[in-house]
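Below you'll find the structure, written out as structure tokens, and then a few comments.
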Amino acid sequence: MGHTENPLADVTLRDIDENPIRELTVNTWSFVGEEHYLVEDLSGLEHLTSLRTLDVYEPWPVNLPDLSNLPHLESLHLTKYNGEHLPEPTGSFPALHSIIIECGDLIDFPAAMFSPIGKVPGSSVSTQLTIENAEKFTTLPANLGQRPVFRSVTISGTAITELPDTLSGVTPVESITLKKNSQLSRIPEGLATLTNLTRVDISWSPELSSLPSSLFEAPALDTLNVVRTGLTGLPSTLWNTPSLRLVDVSHNEIATLPDSIGSLGKLGSFVASGNSITTLPTSITTLPSLYYLDLSENQLAALPSGWGGAVGLRFLLLSDNQLNDGLPEDISQIQLLEAITLGNNNLTRTPAFLNHRLGQGRENDDSLVNVHLNANPITTVPESVLTSHATIDLEGTNVSPEDPVIQRADEDGSDAVFTFS
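For the sequence shown, my numbering begins at 7 and goes up steadily by one.
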């Protein structure tokens with residue numbers, strides 16, 4: 007269990023004021039010079055009427071009493087709880103606004119924990135529902151939305167298969183995190199009501215093949231991470247989410263991106279690496295706020311033109327695709343470009359955009375643009391690239407460091423640098 011200076015005042019039961027603990031069995035033992043107290047029975051908790059925070063952790067077993075008898079209990083934190091259920095409550099948890107479950111054997115919550123709260127905490131109070139690495143946990147109560155107090159909902163490493171429809175009732179929620187829920191296959195609709203939701207993070211959930219369209223009607227949604235799921239596509243409503251700035255949908259099964267992606271005027275970072283995308287919509291080159299675009303590890307064979315419209319783009323990652331010669335020359339018109347990766351594609355010659363000076367719009371930054379052409383079957387380098395204002399990575403190509411153009415660059419101090427390692 008926990009460390010304490012005074013077993014009759016703390017025992018990791020915080021904020022209990024002056025109320026004494028009765029009928030509490032405590033054994034003491036020492037570890038690394040610190041004194042710890044092993045609590046075997048918490049049957050005296052009902053006398054701690056001012057208790058606000060209860061934090062119980064290993065070693066178990068600990069016999070928990072009916073926690074609903076604690077009228078001021080605001081925060082409950084159980085680590086490695088070895089019971090499948092919490093004691094059946096007789097009350098309604100009138101003040102409970104933070105629940106944290108870590109590891110252990112718990113499989114569900116009593117519905118009374120989510121009945122209407124007596125007083126909603128102020129905006130400065132941290133409130134959360136967190137279930138992490140509780141591998142047997144399967145079920146959230148159907149009345150989850152009746153206690154609309156949680157600003158953060160995290161459910162990770164559980165056996166849960168779906169979230170209740172009443173999630174839409176947790177209107178204060180600002181962040182939803184769903185990670186490593188191997189059986190999660192459904193997220194409910196109706197999420198447009200979550201007007202405070204700014205961040206959604208879903209990953210390592212292979213059974214999840216789609217997202218609810220209503221998620222993208224949440225007006226404040228800023229960040230979306232959906233990584234390593236079974237996602238095969240993105241809802242059309244995604245592209246009508248004006249507040250989106252950061253999107254990571256990497257390592258899924260997405261095959262296409264709609265042209266309506268161009269409507270995301272605030273989108274700054276878009277990561278879709280590790281999918282099965284074969285073509286890009288032309289509108290992707292016109293996103294006004296986009297500075298980071300990662301489309302590596304896909305099946306792209308060609309790129310659209312119009313890159314001069316990517317007025318804020320600094321990083322363009324396209325390695326590990328199937329790109330052929332004939333890449334758009336107007337990539338040179340990306341004014342703020344700092345790096346472009348084209349490694350491990352099918353390029354047999356240096357792209358035409360290297361015949362122009364790159365990154366011309368970076369007024370206060372004269373550093374060379376990084377261009378990665380590594381692991382392509384390129385054999386020669388034309389003299390025209392010597393004015394590209396770039397550091398060009400040729401590792402794993404068929405270009406020799408003894409190539410006359412490479413030698414000239416080294417000797418004449420050209421506006422290009424070549425690397426081979």
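The beta-carbon is built from N, C-alpha and C at its ideal position, and this holds for glycine as well.
Where the alpha helix (DSSP H) through Gln413 begins and ends = For Gln413, the uninterrupted alpha helix (DSSP H) segment begins and ends at Pro410 to Asp418.
In terms of residue numbering, what span does the beta strand (DSSP E) encompassing Gln328 cover?
-> Counting along the chain, Gln328 falls outside any beta strand (DSSP E), and DSSP gives it neither H nor E.
Apart from the five residues just before and just after Arg157, which ones in its own chain have a Cβ nearer than 8 Å to its Cβ?
-> Ser132, Thr133, Gln134, Pro178, Val179, Glu180, Ser181 and Asn202
Report yes if the C-beta of Arg205 is less than 7 Å from at least one heavy atom of the ligand FAD; otherwise report no.
-> Inclusion of the ligand FAD in the displayed structure is not the case, the ligand content being empty and no account of it being possible.
Near Asn380, which residues of its chain fall below 6 Å by C-beta distance, leaving aside the five closest residues on each side in sequence?
-> Gly349, Asp399, Glu401 and Gly402
Exposed or buried, which one is Asp300 when buried takes at least 16 other CB atoms within 10 Å?
-> buried
Can you give the Cα-Cα distance for Ala308 and Asn88, rounded to whole angstroms?
-> 56 Å
How far does the beta strand (DSSP E) with Tyr298 in it reach, from first residue to last?
-> That run of the beta strand (DSSP E) goes Tyr298 to Asp300.
With a CB to CB cut of under 6 Å and the five nearest residues on each side skipped, what residues in its chain are close to Ser266?
-> Trp245
Residues near Ala261 in its chain [Cβ-Cβ closer than 6 Å; skip 5 each side] | Around Ala261, the same chain offers Ser282 as residues with beta carbons nearer than 6 Å, after the five sequence neighbours per side are excluded.
Determine the DSSP secondary structure at Leu184, reduced to helix, strand or coil.
-> Residue state, collapsed to three classes: strand.
Looking at the structure shown, is Thr397 part of a helix, part of a strand, or coil, going by DSSP?
-> strand
Using the C-alpha atoms, what's the distance from Ala415 back to Asp371?
-> Looking at the two C-alpha atoms, the distance is approximately 22 Å.
Compare the Cα-Cα distances from Asp72 to each of Gly271, Pro116 and Ser311 and report the closest residue.
-> Looking at Gly271, Pro116 and Ser311, the one whose alpha-carbon comes closest to that of Asp72 is Pro116.
Starting from the Cα of Arg355, find the closest Cα among Glu369, Ala316, Arg58 and Val387 and give me that residue.
-> Val387
Note down the Cα distance separating Thr229 from Ser338, rounded to an integer number of angstroms.
-> Taking the straight line joining both Cα atoms gives about 30 Å.
Asn187, buried or exposed, once every other Cβ within 10 Å from all chains shown has been counted against 16 = buried
Looking only at its own chain, which residues have a Cβ that is under 6 Å from the Cβ of Glu434, when we skip the five neighbours before and after it?
-> The structure shown does not extend to residue 434, since the chain is modelled only from 7 through 427, so no value can be given for it.
Range of the contiguous beta strand (DSSP E) that encloses Asp207 | Asp207: member of the beta strand (DSSP E) spanning Arg205 to Ser211, first to last residue.
Could you check what DSSP says for Gln134 in three-state terms: helix, strand or coil?
-> DSSP places Gln134 in strand when its eight states are reduced to three.
Ser56: first and last residue of the uninterrupted beta strand (DSSP E) it sits in = Here Ser56 belongs to no beta strand (DSSP E), and DSSP marks it neither H nor E.
Can you find at least 3 beta carbon pairs, one from the stretch 363-378 and one from the stretch 403-411, that sit closer than 8 Å?
-> no
C-beta contact flag for Gly312 and Pro294 at 8 Å = No, the pair does not count as a contact, with Cβ atoms beyond the cut-off.
Can you tell which of Thr385, Thr235 and Ser249 has the C-alpha that lies nearest to the C-alpha of Leu227?
-> Ser249
Curious, which full-length beta strand (DSSP E) runs of at least 3 residues does the stretch 256-308 contain?
-> Taken in chain order, the complete beta strand (DSSP E) segments of 3 or more residues contained in the stretch 256-308 are 275-277 and 298-300.
Same chain, Cβ closer than 8 Å to Gly239, neighbours up to 5 away in sequence not counted = If we look at Gly239 and ignore the five residues flanking it on each side, its Cβ neighbours are Ser216, Ile260, Ala261 and Thr262.
In or out: Gly110 buried (at least 16 other Cβ within 10 Å) or exposed?
-> buried
Compute the distance between the beta-carbons of Leu197 and Leu190, then report whether it is under 8 Å.
-> no
Alpha carbon to alpha carbon, what distance is there between Ser209 and Asn33?
-> Annotation note: pLDDT 41 at Asn33 (below 50); position unreliable, coordinate value reported separately. Counting only the Cα atoms, Ser209 lies some 42 Å from Asn33.
Would you tell me roughly how many angstroms separate the C-alpha atoms of Arg58 and Leu84, rounded to the nearest one?
-> 14 Å
Whole-number beta carbon distance between Ile346 and Val377, since they are thought to touch under 8 Å | That belief holds up - the Cβ atoms of Val377 and Ile346 are roughly 6 Å apart, short of 8 Å.
Check Ile337 in the structure and name its three-state DSSP category.
-> helix
By a C-beta neighbour count over all protein chains shown, 10 Å radius and 16 as the cutoff for buried, is Asn351 buried or exposed?
-> buried
Specify, as a first and last residue, the run of the beta strand (DSSP E) that Ser81 falls within.
-> Ser81 to Thr85
Which two residues bound the contiguous beta strand (DSSP E) that contains Asp254?
-> It spans Leu252 to Asp254 - the beta strand (DSSP E) in which Asp254 sits, taken as one unbroken run.
Identity of the residue in Leu76, Leu70, Pro77 and Asn75 nearest His91 by Cα = Selected option, being the one with the closest Cα: Leu70.
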